[in-house]
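J.: To start, I am sharing the structure in question, which I have written as structure tokens.
Residue numbers (the working numbering), protein chains in the order written: chain A, 259 to 378; chain B, 2 to 107.
Right, here's the structure in full:
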């Protein structure tokens, strides 16, 4: 059974940093693209970043480029989203999502989400 | 980025109704269009991918159609568990989502 479990959310001040984790199980981790998608309170869905399964290439939304870093630890089947220079507009629930293949941004499994609040 | 526009933004319907939601892309995306629904406090769930392919485990009352710039999601006979917010998403290029359609009980 595919499972994605996010952690690391919380309250952080503007300009601060936070690292989110996503522990994956039930599938061959490196064979699939993995992504982060966020949802501000009461708002719609916004793609944040993707890491390809085959070569580990990373892609970012313009809104987070240069501030967020997506990485993975294949030995731990865990993904990380390092978020620096956080802004109020980064406040959202962050979901980890699995692609349907190594390069896809079609998301067939999602975690339960972790809430990040950026506020002073 | 490719923009997706859903209509309507909200919809009231009754159990047993047939419902259609549309999604229009700002440029052609072939069939790289997916549909999700999301219930309050829960993660989105994939319903339809590649415009018309039913995700495993999703009831057959859900169907999708379209290509290019115009797409539809149809629920043939609404069930109580279908009341949720529906999103389209394109996977043709940098992923983007529609603004959502809130489906409410009449």
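Note that CB positions come from ideal geometry on N, CA and C, so glycine has one too.
#1: Name the chain B residues that come within less than 7 Å of residue 363/A, Cβ to Cβ?
#2: Can you pull the chain B residues whose beta carbon is under 9 Å from the beta carbon of residue 230/A, in chain order?
#3: Using only the alpha-carbon positions, how far apart do residue 18/B and residue 300/A sit?
#4: State yes or no: is the beta carbon of residue 100/B nearer than 9 Å to at least one beta carbon in chain A?
#5: Note the first and the last residue of the continuous beta strand (DSSP E) segment covering residue 102/B.
#6: When DSSP builds the beta bridges, which residues end up paired with residue 297/A?
#7: Skipping 5 residues on each side, what residues in its chain have a beta carbon closer than 6 Å to that of residue 328/A?
#8: Starting from the beta carbon of residue 371/A, find every residue of chain B whose beta carbon is closer than 7 Å, and list them in chain order.
#9: Along the chain, where does the beta strand (DSSP E) that runs through residue 10/B open and close?
#10: Let me confirm a value: residue 22/B is counted as buried when at least 16 other C-beta atoms fall within 10 Å, else exposed. Which label applies?
#11: Is the stretch 370 to 377 of chain A touching the stretch 267 to 279 of chain A, taking contact as three or more C-beta pairs under 8 Å?
#12: Would you mind stating whether residue 37/B and residue 88/B have Cβ atoms separated by less than 9 Å?
#13: Which residue or residues does DSSP assign as beta-bridge partners of residue 259/A?
#14: Does any CB atom of chain B fall closer than 9 Å to the CB of residue 293/A?
#15: Assuming the contact rule is C-beta atoms closer than 8 Å, residue 276/A and residue 344/A should be a hit. Round their C-beta distance to whole Å, please.
#16: With burial defined as no fewer than 16 other Cβ atoms inside 10 Å of the residue's Cβ, what is the status of residue 97/B: buried or exposed?
#17: Suppose contacts are defined by Cβ-Cβ distances below 9 Å. Is residue 104/B in contact with residue 83/B by that definition?
#18: How would you write the range of the beta strand (DSSP E) that residue 22/B sits in, first residue to last?
T.: Reading off the structure:
#1: 92 and 96
#2: Nothing in the structure corresponds to residue 230/A, since chain A is present only between 259 and 378.
#3: 27 Å
#4: yes
#5: 102 to 106
#6: 303/A and 351/A
#7: Counting only Cβ-Cβ distances below 6 Å, and skipping sequence neighbours, we find 307, 309, 316 and 339.
#8: 44
#9: It is not in any beta strand (DSSP E) - residue 10/B carries neither H nor E in the DSSP assignment.
#10: buried
#11: yes
#12: yes
#13: The beta-bridge partner set that DSSP reports for residue 259/A is empty.
#14: yes
#15: 7 Å
#16: So residue 97/B counts as buried.
#17: Contact: yes.
#18: 20 to 26
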